[in-house]
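Using our numbering, you'd call the opening residue of the sequence shown number 474 and step up by one each time.
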Amino acid sequence: MSNLYWLLTKEAKEASEEIRAFKLTLIQAHLIGDIKISLTPSFLNHMVNEVEEAIRLFSYFEKGEKAPPVHPLHHDLLWLLDAAGHAGAINAEMDGAEKQLKKKSHKFTKEWEAFYLKAIEMAGYLRTNVMKFPALKKFHNDINLEMTIFKAFLDELKEMELNKEALGTFTAQMADHMMREETYYLLKLSETTDIPPPKGDPTKISN
């Protein structure tokens, strides 16, 4: 491990820890303080979940180690809620005249929330020490299929925003950000399940 890599990883971890502390302060202000911002406590909480995952990974990287694989439900519990938030944000930022787009995004929100609730139940089953079972395999196949459809929807929205074809405040940059996170989620699932690796690179902005 080069000194530059170690230094960058160390700085990234420290910055992530600072972001985590700041977000928790904002949540605390929401709960017992006096703060008026557009970000809700739940939205901030989801951001804390993501940055804690980054800190977990950086703790291995700074030692020159590769993060060990985790059970796929670990990723389900993190990224399904994130996907639901993405779909909800699309619905909120689309103009009221865009009935079909709002209907589609609302449907995705409900589906991702349902998947998340099922993931919670599945995680409870792991207490039996049965780590793989047919229902779990189907669960991830269903997620892969639905996420592929959702990514196509995001790609459609991105093109519509670039061409000024959709009314609202949702941006092409936000669509790209969401697509990369969904791709990362599927990539992590492909490492420990039977679903194939997704197309695309989550570290690069799509064209």
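Even for Gly, the Cβ is constructed at its ideal location relative to N, Cα and C. Source: prediction; values computed, not measured.
Residues bridged to residue i [DSSP beta-bridge criterion]
{"i": "M633", "result": "For M633, which the question treats as bridged, DSSP gives no partner whatsoever."}
{"i": "K641", "result": "Reading the sequence as shown, one finds Gly at residue 641 and not Lys. For G641, which the question treats as bridged, DSSP gives the partners M567."}
Which listed residue (the options) has its alpha carbon closest to that of residue i
{"i": "S515", "options": "L546, V543, L554, K486", "result": "L554"}
{"i": "A570", "options": "K591, L640, E655", "result": "L640"}
{"i": "G673", "options": "T665, T666, D549, L660", "result": "L660"}
{"i": "L609", "options": "K591, L504, S475", "result": "K591"}
{"i": "M652", "options": "L635, K637, A625", "result": "A625"}
{"i": "E655", "options": "T644, P671, Y589, N636", "result": "P671"}
{"i": "G432", "options": "A527, S475, A494", "result": "Outside the modelled stretch of the chain, which goes from 474 to 680, sits residue 432, for which no answer is possible."}
{"i": "T621", "options": "K576, M647, P669", "result": "P669"}
{"i": "H547", "options": "M595, N636, A648", "result": "M595"}
{"i": "E523", "options": "D549, G506, D507", "result": "D549"}
{"i": "G551", "options": "T665, D667, V521", "result": "A small fix is needed here, since residue 551 is Leu in this sequence, not Gly. Among T665, D667, V521, the Cα nearest to that of L551 is on V521."}
{"i": "L517", "options": "I505, I500, G506", "result": "I500"}
{"i": "F612", "options": "V543, M647, T644, D667", "result": "D667"}
{"i": "E586", "options": "F495, L574, A556", "result": "A556"}
{"i": "G561", "options": "G506, M647, L477, L481", "result": "M647"}
{"i": "A472", "options": "E566, F588, W479, E525", "result": "Residue 472 lies beyond the range of the chain shown here (474 to 680); nothing can be said about it."}
Exposed unless 16 or more other CB atoms sit within 10 angstroms - verdict on residue i
{"i": "M604", "result": "exposed"}
{"i": "G558", "result": "buried"}
{"i": "F606", "result": "exposed"}
{"i": "P545", "result": "buried"}
{"i": "S511", "result": "exposed"}
{"i": "E638", "result": "exposed"}
{"i": "A540", "result": "exposed"}
{"i": "L635", "result": "exposed"}
{"i": "I593", "result": "exposed"}
{"i": "I563", "result": "buried"}
{"i": "I616", "result": "buried"}
{"i": "Y478", "result": "exposed"}
{"i": "K496", "result": "buried"}
{"i": "K577", "result": "buried"}
{"i": "L662", "result": "buried"}
{"i": "T482", "result": "buried"}
{"i": "L618", "result": "exposed"}
Taking only runs that begin and end inside the stretch 481 to 541, name each unbroken beta strand (DSSP E) of 3 or more residues, in chain order.
none
With a floor of 4 residues, list each alpha helix (DSSP H) that falls wholly inside the stretch 573 to 621, ordered by position along the chain.
none
For the stretch 588 to 607 against the stretch 622 to 638, do three or more pairs of beta-carbon atoms, one drawn from each stretch, fall closer than 8 Å, so that the two count as touching?
no
Between the stretch 483 to 496 and the stretch 515 to 534, do at least 3 Cβ pairs fall closer than 8 Å?
yes
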